[in-house]
Amino acid sequence: MKCIPVWNRCNNKCVMCSNPPGYDRVGTYTLEALKERVRRIPKGEPDIYLTGGEPTLHPHLLELLGFIRGRCPAARIAIDTNGRMFAYRVFAKKCASFGNMEFQVSICGHSAAAHDAVTRTPGSFANMLSGVKNLLALGAPVEMRFVLTKKSLPNLDKVYRFAKSRLKGIKSLVLIFMEMEGMAGANSASVGLRYRDAAGPVASFFKAAGDPPFELKLYHFPLCALPPALWRYAWRTLPRKEVTFPRPCRACAVKQYCLGVHWDYLEHYGAEEFSPPAAPPRIIPGTNPCRPVLDVKWR
Ligand code: SF4
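Add 586 to the 1-based position in the sequence shown for our numbering, that's all there is to it.
What follows is the structure, encoded as structure tokens:
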């Protein structure tokens with residue numbers, strides 16, 4: 587999996603953004619610089635992720651997509667996006683036309699009021715919704731992503747119900763535990779969330795979710811921050827350099843399946859919440875390194 591930050595500008599101002607305040611004033615992201623990064627990717631690479639900032643605002647995104655497709659014809663190209671630009675149907679169609687694309691769209695709330703309060707950008711919910719509908723109408727794979735913060739956690743059930751009723755056809759809903767860096771770190775007093783405060787509501791949510799019409803995933807959760815019954819939903823998606831295993835992890839029987847803990851989380855809240863699970867269940871490992879636990883069995 588290769589990740590290309592397309593650039594660092596964005597048209598939202600999300601309160602829990604992991605980019606630093608003022609981030610849009612630094613860095614150079616010319617098309618030639620981006621192409622140079624693509625040239626370093628092996629031609630057989632199966633997965634390429636475009637992130638930002640907001641990649642869809644880059645004036646040369648379509649040329650970049652064409653260049654990637656030319657170099658890596660079989661790669662799945664995923665775009666991490668706030669979805670707003672896809673409200674322009676022609677743009678959505680052009681992006682989807684490169685084939686084997688996936689659109690990973692942020693949803694920050696179940697209503698315009700809830701979503702726009704997080705993005706701090708009026709109209710962003712309406713744009714996102716039009717964008718997702720355009721992509722779904724084109725038959726493009728769409729994954730929705732909801733970042734859990736102190737503010738958004740109470741809306742989890744409502745976002746799920748909204749996705750079920752209004753976003754029919756999405757392939758997955760990902761619940762992402764916030765990263766305590768950048769803007770999120772600066773706003774930690776209002777949005778900062780501890781794993782111990784998220785565990786109960788997340789467990790109750792899964793109990794009530796029933797049989798969802800799309801896949802549910804959990805990102806950025808160490809295993810001991812979840813009940814073992816939810817380990818099979820936990821994906822390991824943070825780069826190795828961004829996480830660490832605090833001292834108690836040395837004695838942990840499930841460490842090889844665990845994401846570890848983000849450095850910035852430890853800086854804000856310390857390591858007291860993390861300890862090896864007592865009498866953990868037997869783990870059925872997955873073949874995908876990003877999804878280490880396929881299932882658990884109680885001995
Ligand atoms: S103790 Fe450490 S390795 Fe074990 S589950 Fe918790 S964070 Fe992961």
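A virtual CB, placed ideally from N, CA and C, is assigned to each residue, including glycine.
Round the Cβ separation of LEU620 and VAL592 to the nearest angstrom and send it over; I've been treating them as touching at under 8 Å. 7 Å
Tell me the rounded alpha-carbon separation between MET766 and PRO875. 24 Å
Any heavy atom of the ligand SF4 closer than 7 Å to the CB of PHE831? yes
Which residues does DSSP pair with TYR635 in a beta bridge? CYS589, ALA664
Compare the beta carbon distance of PRO808 and VAL847 with 8 Å and say whether it is the shorter of the two. yes
Report yes or no: do three or more beta-carbon pairs, one from the segment 792-805 and one from the segment 856-865, lie closer than 8 Å? no
Collapsed DSSP secondary structure at THR705 in the structure displayed: helix
When you compare the segment 682-693 with the segment 721-732, are there three or more beta-carbon pairs, one atom per stretch, that lie closer than 8 Å? yes
Reduced DSSP category for ARG780 - H, G, I as helix; E, B as strand; rest coil: coil
Take GLY639 and list the residues in its own chain whose beta-carbon comes closer than 6 Å to its own, dropping the five residues that flank it on each side. TRP593, ASN594, ARG595, CYS596
In whole angstroms, what separates the C-alpha of LEU972 from that of GLY630? Here the chain has residues from 587 to 885 only, and residue 972 is not among them.
Residue interval of the alpha helix (DSSP H) (run including ARG655): 647-657
Span of the beta strand (DSSP E), counted from its first residue to its last, around MET730: 728-734
Tell me, please, whether the segment 714-725 touches the segment 664-675 by the rule of three or more beta-carbon pairs shorter than 8 Å. yes
Using only CA atoms, which one of LEU734, ARG868, MET671, MET769 lies nearest to SER710? MET671
Would you mind reading off the limits of the alpha helix (DSSP H) that contains VAL745? 742-752
With 16 other Cβ atoms within 10 Å as the buried cut-off, status of TRP817: buried
Is GLY846 close to the ligand SF4? I mean its beta-carbon at under 7 Å from any heavy atom of the ligand. yes
Given this structure, state the Cα-to-Cα distance separating ARG902 from ALA699, to the nearest angstrom. Absent from the structure is residue 902, since the part of the chain shown begins at 587 and ends at 885.
Going by the DSSP bridge assignment, what does MET714 pair with across the sheet? Answer is none; MET714 lacks a bridge partner.
Which residue spans inside the segment 830-876 form an unbroken alpha helix (DSSP H) run of at least 4? 849-855
Is LEU812 near ALA785, with beta carbons less than 8 Å apart? yes
Extent of the continuous alpha helix (DSSP H) run through VAL624: 617-625
Let's see if you can read the secondary structure: which residues bound the alpha helix (DSSP H) around MET769? 768-772
Say yes only if the C-beta of CYS603 is nearer than 7 Å to one or more non-hydrogen atoms of the ligand SF4, and no if none qualify. no
What separation, rounded to the nearest whole angstrom, lies between the Cα atoms of PRO798 and THR614? 42 Å
Report the CB separation of ARG731 from SER697 in whole angstroms; it is logged as a contact under 8 Å. Between SER697 and ARG731 the Cβ distance is about 17 Å, and since that is not below 8 Å, they are no contact.
Does at least one heavy atom of the ligand SF4 sit under 7 Å from the Cβ of PRO875? no
Proximal residues to PHE748 (C-beta, below 6 Å), its chain only, five neighbours per side dropped: HIS696
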